[in-house]
Amino acid sequence: MLYRKLGRESRIRRSILAGLTKDVINYGYVVTTDARAKEVRKFVDKMITYGKEGSLISRRKALAFLHNDKKVVNKIFNELAPNYINRAGGYTRIIKLKERVGDDALEVRLELV
Numbered sequence: 161m162l163y164r165k166l167g168r169e170s171r172i173r174r175s176i177l178a179g180l181t182k183d184v185i186n187y188g189y190v191v192t193t194d195a196r197a198k199e200v201r202k203f204v205d206k207m208i209t210y211g212k213e214g215s216l217i218s219r220r221k222a223l224a225f226l227h228n229d230k231k232v233v234n235k236i237f238n239e240l241a242p243n244y245i246n247r248a249g250g251y252t253r254i255i256k257l258k259e260r261v262g263d264d265a266l267e268v269r270l271e272l273v
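Position 1, counted from 1, in the sequence shown is what the numbering used here calls 161; the numbers after and before it change by one each time, with no gaps.
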């Protein structure tokens, strides 16, 4: 599976992706760069899919990825997953905003559908 390295070593990259995933789940959206949003989208979709399965092993996998943040995992399993029960996938959308002033990186808004 190909993935973006985002200019970070693996442990820092994993922490960034987990943090952005938590923010999308908590607030419904996050504004970040295009490359990060495309990576985070995979993990948000995976967490919601775990919530739809609803099994104990799915809950444990979600907890392991989200650094044992029980409030976020409970929100996935109790609030978000029932909303997407009839949807086969594609729980997020990316809306392009503008280029960032400092480094000209494309900023986007990653939000839940």
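Glycine included, every Cβ here is placed at the ideal spot set by N, Cα and C.
In its own chain, which residues sit with a C-beta less than 7 Å from the C-beta of residue i, not counting the 5 before and 5 after it?
i    : result
K258 : E267
G249 : D205
H227 : A178
V233 : R219, A222, L223, L226
Please report the residue range of the alpha helix (DSSP H) in which residue i lies.
i    : result
G171 : Note that residue 171 is Arg in the sequence shown here, rather than Gly. First-last of the alpha helix (DSSP H) with R171: 170-187.
V233 : 230-235
So who's on the other strand from residue i, going by DSSP bridges?
i    : result
R269 : V191, I255
Near residue i, which residues of its chain fall below 6 Å by C-beta distance, leaving aside the five closest residues on each side in sequence?
i    : result
A197 : I254, V268, L270
R164 : A195, E199
Enumerate in chain order the residues of its own chain whose CB-to-CB distance from residue i is below 8 Å, with the five nearest sequence positions on each side excluded.
i    : result
V204 : T181, V184, I185, Y251, T252, L270, L272
I245 : K212
L166 : R173, I176, A195, R196, E199
Y189 : R269, L270, E271, L272
G214 : F237, A241
R201 : T252, I254, L270
R168 : I176
Let me check understanding here. Comparing Cα to Cα, which of the options lies closest to residue i?
i    : options                : result
G211 : I172, I236, S175       : I236
G261 : P242, T193, R219       : According to the sequence as given, residue 261 is Val; it is not Gly. Of the listed residues, the one whose Cα sits closest to V261 is T193.
E239 : R168, A178, R220, Y187 : Y187
Check your understanding: Curious, which full-length alpha helix (DSSP H) runs of at least 4 residues does the stretch 199-228 contain?
Key -> 216-225
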